[in-house]
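Structure record follows, encoded as structure tokens.
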Amino acid sequence: MDESPSVEVTIPPYHAMFWPTLKALKALGDSGSNVEIEDRASLLMGLSDSQINRLHLSGPQTEVRYRMA
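Quick note on numbering: the sequence shown equals residues 6 to 74 in my numbering.
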């Protein structure tokens, strides 16, 4: 069986992040830093490490943080 070294990592579209972001904000007591909210929303969405760490274009920001912004 041949495994491809470059597997495409899909990231949910930005509009799919609205509700998890609001739920994350509520879970944080209606207040939090951008990083805290993004981290909690990523957890609520069940994103993999590969999805969370994928850079937007050439970086330095990740694609998930870019879309949540």
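Cβ atoms here follow ideal geometry from the backbone N, Cα and C, with glycine treated the same way.
Model, not experiment: these values are computed from the prediction.
In its own chain, which residues sit with a C-beta less than 8 Å from the C-beta of asparagine 58, not counting the 5 before and 5 after it?
Walking along the sequence shown from the start, residue 58 turns up at place 53. The answer, listed in chain order, is Thr67.
Mind checking whether valine 69 and serine 47 have CB atoms under 8 Å apart?
Looking up residue 69 in the sequence shown gives position 64. Looking up residue 47 in the sequence shown gives position 42. Closer than 8 Å, so yes.
Check whether the Cβ atoms of alanine 74 and leucine 49 sit closer than 8 Å, and answer yes or no.
Position 69 of the sequence shown, counted from the first residue, corresponds to residue 74. Position 44 of the sequence shown, counted from the first residue, corresponds to residue 49. Their beta carbons are not under 8 Å apart, which means alanine 74 does not touch leucine 49 by this criterion.
Spatial distance of lysine 31 from serine 53 (CA atoms)
Residue mapping note: residue 31 aligns to position 26 of the sequence shown, counting from 1. Residue mapping note: residue 53 aligns to position 48 of the sequence shown, counting from 1. Lysine 31 and serine 53: Cα-Cα distance of roughly 22 Å.
Can you give me the C-alpha to C-alpha distance between proline 18 and serine 36, rounded to a whole angstrom?
On the sequence shown, position 13 is the one that residue 18 refers to. On the sequence shown, position 31 is the one that residue 36 refers to. Rounded to whole angstroms, proline 18 to serine 36 spans 24 Å at the Cα level.
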